[in-house]
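Colleague: For the sequence shown, my numbering assigns the number 174 to the initial residue and increments by one for each residue that follows.
Input: one structure, supplied below.
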Amino acid sequence: MPGYYEIEESAKRIQKILPVTGDLAVVLGSGLSPFADRLTETKALEYSEIPNFPVSTVEGHRGRLVTGNFSGKPILVMQGRFHLYEGYSAKQVVFPIRVLRALGIKKLLLTNAAGAVNTAYAPGDLMLITDHLNCTGQNPLTGANDERLGSRFPDLTEVYSARIRKIFVDAASAEKIPLRQGVYIAVPGPAYETPAEIKMYRILGADACGMSTVPEAIAARHIGLETAGLSCITNMGAGILTGNLSHDEVTHTAGNVMDAFVRLMHRAIAQM
Ligand code: HPA
174 MPGYYEIEES AKRIQKILPV TGDLAVVLGS GLSPFADRLT ETKALEYSEI PNFPVSTVEG
234 HRGRLVTGNF SGKPILVMQG RFHLYEGYSA KQVVFPIRVL RALGIKKLLL TNAAGAVNTA
294 YAPGDLMLIT DHLNCTGQNP LTGANDERLG SRFPDLTEVY SARIRKIFVD AASAEKIPLR
354 QGVYIAVPGP AYETPAEIKM YRILGADACG MSTVPEAIAA RHIGLETAGL SCITNMGAGI
414 LTGNLSHDEV THTAGNVMDA FVRLMHRAIA QM
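Shown next, in the form of structure tokens:
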């Protein structure tokens, strides 16, 4: 199991090949990889070149780190992430987040593709995550706690920074981009949900549902990163509309919202 030594080792290798100068990192979700093309003066490093890093096995997830400038700032982008459904443990899923901190990252923006649980939402909507429900059945902090990372019992009252959320709400309003705000429920996947499950998640208070982000957000809070989450609603949850769900639909819709996503990110990151 990768621990503190491995985190430092990975960070050292990355700094050697891909110097990280900024303090902001963005994790790109399914179908959102093209965001990295909007950076200038980019440099990239494949995950396979980084010791201890897992490799991304999902279509629509590239599997590399990219540095570059965006909105006048040096940023680091994770083009592709790791999911529990790939068979990785929760600790492996959050390993890169811990490496980010070792690289000097202080602010983290987690993005994802998600299904709408809230029936008022529509595919193509963007949703700022206000809070989450962890229904993965796992927690990345299970097991021995390394105090060099964070405390045994971290507080999750404000996982998603109120300061960054306000920046996003103001940026969306300035760009005239409708922005939902809601609760994200993380589920294990990889099967999409049944209509009965989507109904249950709605009763539990979820607005959107997906298979990522929450383990990373918990680990980020644990190590003291200021964190925000942005969901691209790619489809209605199972049973809300007729028809079946597919990964193609998810990546296709994410591609269609890219322009609004980039505009929102541009204005928000300038303020972060
Ligand atoms: N369910 C779970 N994860 C998802 C969905 C969904 O409907 N859409 C995109 N990621």
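Using N, Cα and C, we set each Cβ at its ideal position, and we do this for glycine too.
1) Would you mind giving the Cβ-Cβ distance between Leu201 and Gln252, rounded to the nearest angstrom? I have them listed as a contact below 8 Å.
2) Can you list, in chain order, the residues of its chain whose CB lies under 6 Å from that of Glu259, leaving out five sequence neighbours each side?
3) Since Phe243 sits in a beta bridge, which residues does DSSP pair it with?
4) Check this for me: beta carbons of Thr196 and Lys280, under 8 Å apart or not?
5) Rounded to whole angstroms, what is the Cα-Cα separation between Lys185 and Gly277?
6) If we require 3 or more residues per run, which beta strand (DSSP E) segments fall completely within the stretch 270–307?
7) Using CA atoms only, rank isn't needed, just tell me which of Ala293, Gly297 and Ala390 is closest to Gly428.
8) The ligand HPA heavy atoms versus the CB of Thr407: any closer than 7 Å?
9) Please name the residue, chosen from Cys308, Ala335 and Arg394, that lies closest to Asp328 on a Cα-to-Cα basis.
10) Going straight from the alpha carbon of Ala359 to that of Ile270, what length do you get?
11) Buried or exposed: which applies to Pro388, given that a residue is buried once 16 or more other Cβ atoms fall within 10 Å of its Cβ?
12) Could you check what DSSP says for Gly428 in three-state terms: helix, strand or coil?
13) Are the beta-carbon atoms of Ala289 and Gly410 separated by less than 8 Å?
14) What I want to know is whether the C-beta of Glu214 ends up closer than 7 Å to one or more non-hydrogen atoms of the ligand HPA.
15) Got a sec? Which residues, its chain only, sit under 8 Å from Gly236 by beta carbon, not counting five neighbours each side?
Modeller: Here's the rundown:
1) Walking along the sequence shown from the start, residue 201 turns up at place 28. Walking along the sequence shown from the start, residue 252 turns up at place 79. Yes, they are in contact, since the Cβ atoms of Leu201 and Gln252 sit about 5 Å apart, within 8 Å.
2) If you number the sequence shown from 1, residue 259 lands on position 86. Thr230.
3) For the purposes of this step, residue 243 is taken as the residue at position 70 of the sequence shown. According to DSSP, Phe243 bridges with Lys246.
4) Within the sequence shown, numbered from 1, the residue matching residue 196 stands at position 23. Within the sequence shown, numbered from 1, the residue matching residue 280 stands at position 107. In the sequence as displayed, the identity of residue 196 is Asp instead of Thr. Less than 8 Å separates the beta-carbon of Asp196 from that of Lys280.
5) Stepping through the sequence shown from its first residue, residue 185 is reached at position 12. Stepping through the sequence shown from its first residue, residue 277 is reached at position 104. Roughly 11 Å separates the two Cα atoms.
6) Fully enclosed beta strand (DSSP E) runs of 3 or longer: 280–289 and 299–307.
7) Residue numbering aside, residue 428 sits at position 255 when the sequence shown is read from its first letter. Closest by alpha carbon: Gly297.
8) In the sequence shown, counting from the first residue as 1, residue 407 sits at position 234. Indeed, a heavy atom of the ligand HPA lies less than 7 Å from the Cβ.
9) What you label residue 328 is simply residue 155 of the sequence shown in a count that begins at 1. Of the listed residues, the one whose Cα sits closest to Asp328 is Arg394.
10) Walking along the sequence shown from the start, residue 359 turns up at place 186. Walking along the sequence shown from the start, residue 270 turns up at place 97. Linking Ala359 to Ile270 through their CA atoms gives a straight-line distance of about 17 Å.
11) Numbered from its first residue, the sequence shown carries residue 388 at position 215. Burial call: buried.
12) The residue you call residue 428 lines up with position 255 of the sequence shown. DSSP places Gly428 within a helical segment (H, G or I) once states are collapsed to three.
13) On the sequence shown, position 116 is the one that residue 289 refers to. On the sequence shown, position 237 is the one that residue 410 refers to. Closer than 8 Å, so yes.
14) For this step, residue 214 is matched to residue 41 along the sequence shown. Glu214 Cβ: outside cutoff for every heavy atom of the ligand HPA.
15) The residue labelled residue 236 in the question sits at position 63 within the sequence shown. Glu219, Tyr220, Ser221, Val228, Ser229, Gln252 and Gly253.
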